[in-house]
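Below: one structure, written as structure tokens.
In this note's numbering, the protein residues as written are 1068 to 1345.
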């Protein structure tokens, strides 16, 4: 891994440090990444490039799977697809911006799930080429990788979310959210949540009742993210600032009356309640 030159360090000062400063790690959506995020941010403040700070952290948060190596974006050869390069080398090209900062944190926290998605992407590229149109599998992977989330919740909450019964989900069943756990997986959504806005919506993968899975979300995702599932578009939209305890304004239930955010349901036949028990 080559050291950054002086110009790269000057670019870093304006491109990475300031956005990292804007991350409020106490926000509930950053909880799973908080410890690693603060460590990487400290490395950036000490003068490291984002890829160096990520690579220095090294060990994934779960401690159960080897994380990738992080390298400069310049290491990716011209003409080789990003996903194919990662699959071939085990290295993640990383730019000095907040988007790639969060992508790296997700790689560290969910290494097995990220490797699974990368393998599926690389396989599709090898079979079909990059192309102007990704196809249903790569489209679904991109949606989850950029904007996905995982929700462990009681069945009543899952059913209310799947049918977009917003009042029931967030007011009538509000006490049940104490038994729920939502983790943001998509690095683009994490980046957007640095400056939270009411319309921000996750594409949620709903998980059946299985408390043992909560301890190993990474492993569960690795085993569940199969092409057969992904191509069915199994994701359910969830405006994340509506989650109880995530945003003070939703304590006033009029928050949920905004139909431009909390949109009515399509016919039930177009929805899935998530991944069936295995």
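Each residue gets a CB set at the ideal place from its N, CA and C atoms; glycine is no exception.
Query - Inter-residue CB distance, residue 1258 and residue 1240 (contact presumed, cutoff 8 Å) - result: With a Cβ gap of about 30 Å, residue 1258 and residue 1240 do not count as contacting.
Report task. Determine the direct distance from the alpha carbon of residue 1154 to that of residue 1186, and round the result to whole angstroms. Result -> 6 Å
Query - Where the alpha helix (DSSP H) containing residue 1151 begins and where it ends - result: 1149–1156
Report task. Below 6 Å CB to CB, which residues in the same chain sit around residue 1120 once its five sequence neighbours on both sides are set aside? Result -> 1107, 1110, 1111
Report task. Might you give, ordered along the chain, the residues of its own chain that have their beta carbon closer than 6 Å to the beta carbon of residue 1261, omitting 5 neighbours on each side? Result -> 1089, 1090
Query raised in the report: So residue 1331 and residue 1231 are in contact, right, with Cβ under 8 Å, and what is the actual spacing, rounded?
Result: 6 Å
**Report entry** Closest by C-alpha distance to residue 1196, when choosing among 1218, 1156, 1150, 1182
**Finding:** 1150
Query - Cβ-Cβ distance between residue 1312 and residue 1270 below 7 Å - result: no
Query raised in the report: Measuring CA to CA, which of 1238, 1316, 1191, 1114 is closest to residue 1265?
Result: 1316
Query raised in the report: If we call anything under 7 Å between Cβ atoms a contact, is residue 1175 one with residue 1086?
Result: no
Query raised in the report: Cα-Cα, which of 1210, 1137, 1322 is closest to residue 1115?
Result: 1137
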